[in-house]
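**Student:** After the structure tokens below, expect a handful of questions from me.
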Amino acid sequence: LTLAQVAIFVALMLIVGRRVFPWLLWQVARTGSRELFTLCVVAAAVGIAYGSAALFGVSFALGAFFAGMVMRESALSHRAAQESLPLRDAFSVLFFVSVGMLFDPEILLRQPLMVLAVVTIIVVGKSLAAFLLVLAFRYPLNTALTVSASLAQIGEFSFILAGLGISLELLPKLGQDLILAGALFSIALNPLVFQAIEPALVWIRARSRLARSLERRDDPLAELPSTIDQRRLTGHVVLVGYGRVGRRIGEALAERGVSFVVAEQNRELVEQLRARGAPAVSGDASDPAVLIQAHIVRARMLVIATPDSFHARKMIEIARALNPEVEAVIRTHSEEEAALLHKEQAGRVFIGEHELAHAMARHVLERIS
Numbered sequence: 073l074t075l076a077q078v079a080i081f082v083a084l085m086l087i088v089g090r091r092v093f094p095w096l097l098w099q100v101a102r103t104g105s106r107e108l109f110t111l112c113v114v115a116a117a118v119g120i121a122y123g124s125a126a127l128f129g130v131s132f133a134l135g136a137f138f139a140g141m142v143m144r145e146s147a148l149s150h151r152a153a154q155e156s157l158p159l160r161d162a163f164s165v166l167f168f169v170s171v172g173m174l175f176d177p178e179i180l181l182r183q184p185l186m187v188l189a190v191v192t193i194i195v196v197g198k199s200l201a202a203f204l205l206v207l208a209f210r211y212p213l214n215t216a217l218t219v220s221a222s223l224a225q226i227g228e229f230s231f232i233l234a235g236l237g238i239s240l241e242l243l244p245k246l247g248q249d250l251i252l253a254g255a256l257f258s259i260a261l262n263p264l265v266f267q268a269i270e271p272a273l274v275w276i277r278a279r280s281r282l283a284r285s286l287e288r289r290d291d292p293l294a295e296l297p298s299t300i301d302q303r304r305l306t307g308h309v310v311l312v313g314y315g316r317v318g319r320r321i322g323e324a325l326a327e328r329g330v331s332f333v334v335a336e337q338n339r340e341l342v343e344q345l346r347a348r349g350a351p352a353v354s355g356d357a358s359d360p361a362v363l364i365q366a367h368i369v370r371a372r373m374l375v376i377a378t379p380d381s382f383h384a385r386k387m388i389e390i391a392r393a394l395n396p397e398v399e400a401v402i403r404t405h406s407e408e409e410a411a412l413l414h415k416e417q418a419g420r421v422f423i424g425e426h427e428l429a430h431a432m433a434r435h436v437l438e439r440i441s
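Here it is in structure tokens:
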């Protein structure tokens with residue numbers, strides 16, 4: 073009966089949910105009310121999660137997961153994610169506070185070897201398995217290292233599974249304590265693991281013929297050409313996005329003789345830049361591999377010129393993990409997002425409308441005076 077209920081729930085979400093909820097978001101968005109749109113997103117997410125638990129016997133966590141999948145099908149998914157950022161951060165804080173309240177520090181004294189073994193399995197074993205799996209799917213070496221580093225920690229679902237195991241009496245209390253201890257140390261070590269990616273990549277390339285052969289499988293636009301002068305890749309600017317704003321920034325930097333590397337998802341733009349001799353890599357800068365290829369580790373500044381401020385925070389987080397000293401300049405259209413970035417000390421934030429208003433006001437005042 074339970075399996076049948078789960079099957080019905082999944083079918084309902086995939087068939088009905090993918091049509092109904094995107095339509096609902098569009099209807100609410102047409103009202104022009106930001107508050108109503110945010111309320112609709114929250115109500116839909118909580119409603120799907122609660123309905124899945126109450127009607128189909130599915131866990132609240134699984135229902136929330138499918139709620140996210142349903143929201144993703146809407147063309148307004150990016151706006152929904154952006155509007156729910158403050159709520160996401162608040163719930164993340166509450167979640168990890170509750171996890172911290174479950175952690176028993178005495179486990180470090182009672183079972184230090186077991187804690188060390190769990191941390192080793194998470195940081196080394198899990199990463200090694202991911203590394204080999206990515207290579208088996210014929211991805212390049214740098215991608216395999218980045219994926220393995222990203223998985224060198226425990227995620228939220230591990231805590232959910234541990235709690236479910238405790239409730240079903242499948243996992244002893246000691247197991248939960250070990251998982252929490254492993255999560256604490258793996259999360260603390262993760263920035264160091266990310267910082268070790270580029271040195272490890274250089275070391276492996278220099279000493280392994282197999283590694284060099286694996287690198288030849290890489291997308292030629294996803295990494296900088298070997299002909300680039302290495303002196304231009306130290307103290308440079310990493311420019312994310314080469315649209316209308318990014319192009320003007322790049323032209324200004326070039327006029328002043330400032331070295332920069334462009335990270336752009338449009339492959340045609342990357343090819344055009346390379347044809348002019350400008351260093352450029354193709355890919356999403358929220359992917360650590362792209363920032364690594366742009367040599368963010370040795371960069372002086374990260375300039376995010378893309379209009380998608382939702383991914384800007386992730387880019388900054390990755391860049392700071394790889395290079396804590398890098399300065400960030402961010403473009404955004406939202407005052408709320410700008411305030412949040414200021415609060416998190418993400419870097420210097422520019423709101424397009426504000427800068428346009430300042431320029432127009434300055435011109436008017438100059439003409440009048």
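Under this note's numbering, the first residue of the sequence shown is numbered 73, with each subsequent residue one higher. All C-beta atoms, glycine included, are put in the ideal place defined by N, C-alpha and C.
1. Once the 5 residues before and after I364 are set aside, which same chain residues still bring their CB inside 8 Å of it?
2. What residues in its chain sit with their C-beta under 8 Å from that of E399, if we drop five residues either side in the sequence?
3. Threshold first: 4 residues or longer. Then list the alpha helix (DSSP H) segments lying entirely within the segment 135-216, N to C.
4. Straight-line CA distance for F266 to P360?
5. The beta strand (DSSP E) spanning E438 covers which residue range?
6. Would you mind listing the alpha helix (DSSP H) stretches within the segment 355-420 that are 4+ residues and don't spill past its ends, in chain order?
7. Three or more C-beta pairs under 8 Å: does that hold for the segment 139-156 against the segment 103-115?
8. Give a yes or no on whether the C-beta atoms belonging to A377 and V330 are separated by under 8 Å.
9. What residue range does the beta strand (DSSP E) around V309 cover?
10. Any idea which residues DSSP pairs V333 with across the strands?
11. Taking DSSP as the reference, what is the three-state secondary structure of A352?
12. Could you give the first and the last residue of the continuous alpha helix (DSSP H) run that contains T110?
13. For the alpha helix (DSSP H) that E340 lies in, which residues bound it at each end?
14. Do you know offhand how far E438's Cα is from M432's?
15. Consider the Cβ of R319: report whether some Cβ of chain B lies at a distance smaller than 8 Å.
16. Does DSSP classify D249 as helix, strand or coil?
17. So, under 8 Å CB-CB, Q344 and G355 are touching, yes? Tell me the CB distance rounded to an integer number of Å.
18. So what does DSSP say about M85, is it helix, strand or coil?
19. Which residues mark the beginning and the end of the alpha helix (DSSP H) in which E228 is found?
20. How big is the Cα-Cα spacing for S170 and L428?
21. Can you round the beta-carbon distance between G349 and V334 to whole angstroms, since I take them to be within the 8 Å contact cut?
22. Do R304 and P351 have their C-beta atoms closer together than 8 Å?
23. Flag this pair as yes or no: are the beta carbons of I402 and L413 separated by less than 8 Å?
24. Would you report the Cα separation of V247 and L174, rounded to the nearest angstrom?
25. Would I388 pass as a contact of H405 if the rule is Cβ separation under 8 Å?
**Tutor:** The structure says:
1. Position 292 of the sequence shown holds residue 364. Excluding sequence neighbours, I364 sits near N214, T218, I269, E270, L273, L394.
2. Here residue 399 corresponds to residue number 327 of the sequence shown, with the count starting at 1. Hits under 8 Å: R372, M373, L374, G419, R420.
3. 149-155, 157-174, 179-182, 184-192, 199-208
4. Working through the sequence shown from its first residue, we reach residue 266 at position 194. Working through the sequence shown from its first residue, we reach residue 360 at position 288. Each residue's Cα considered, the two are about 9 Å apart.
5. Residue numbering aside, residue 438 sits at position 366 when the sequence shown is read from its first letter. Run containing E438: none in the beta strand (DSSP E); it sits in the alpha helix (DSSP H), 424-440.
6. 360-365, 384-394, 407-415
7. yes
8. What you label residue 377 is simply residue 305 of the sequence shown in a count that begins at 1. What you label residue 330 is simply residue 258 of the sequence shown in a count that begins at 1. Going by C-beta atoms, A377 is not nearer than 8 Å to V330.
9. Position 237 of the sequence shown, counted from the start, is the residue given in the question as residue 309. First-last of the beta strand (DSSP E) with V309: 309-312.
10. As a position in the sequence shown, residue 333 is number 261, starting the count at 1. Its beta-bridge partners are V310.
11. Stepping through the sequence shown from its first residue, residue 352 is reached at position 280. DSSP places A352 in strand when its eight states are reduced to three.
12. Your numbering for residue 110 matches position 38 in the sequence shown. Taken as a continuous stretch (DSSP letters only), the alpha helix (DSSP H) holding T110 covers 106-128.
13. Position 268 of the sequence shown holds residue 340. Element bounds for E340: 339-347.
14. Working through the sequence shown from its first residue, we reach residue 438 at position 366. Working through the sequence shown from its first residue, we reach residue 432 at position 360. Cα to Cα, E438 sits roughly 10 Å from M432.
15. In the structure shown, chain B cannot be found, because there is only a single protein chain.
16. Locating residue 249 in the sequence shown gives position 177, counting from the first residue. Looking at D249 - three-state DSSP - the assignment turns out to be helix.
17. Along the sequence shown, one-based indexing puts residue 344 at 272. Along the sequence shown, one-based indexing puts residue 355 at 283. Wrong, their Cβ atoms sit about 16 Å apart, outside the cutoff.
18. Translated into positions along the sequence shown, residue 85 becomes position 13. Three-state DSSP puts M85 in a helix.
19. The residue you call residue 228 lines up with position 156 of the sequence shown. Start and end: 228-239.
20. As a working note, residue 170 is residue 98 in the sequence shown. As a working note, residue 428 is residue 356 in the sequence shown. Whole-angstrom Cα-Cα distance: 45 Å.
21. Your numbering for residue 349 matches position 277 in the sequence shown. Your numbering for residue 334 matches position 262 in the sequence shown. Rounded, the Cβ-Cβ distance is 12 Å, inconsistent with contact.
22. Residue 304 sits at position 232 when you count from the first residue of the sequence shown. Residue 351 sits at position 279 when you count from the first residue of the sequence shown. Contact flag set, yes.
23. Locating residue 402 in the sequence shown gives position 330, where the first residue counts as 1. Locating residue 413 in the sequence shown gives position 341, where the first residue counts as 1. A contact, by the Cβ cut-off of 8 Å.
24. Counting from 1 along the sequence shown, the entry for residue 247 is found at position 175. Counting from 1 along the sequence shown, the entry for residue 174 is found at position 102. This sequence places Gly at residue 247; Val is not what is there. When rounded, the distance between both Cα atoms is 12 Å.
25. For the purposes of this step, residue 388 is taken as residue 316 along the sequence shown, with counting starting at 1. For the purposes of this step, residue 405 is taken as residue 333 along the sequence shown, with counting starting at 1. Their beta carbons are not under 8 Å apart, which means I388 does not touch H405 by this criterion.
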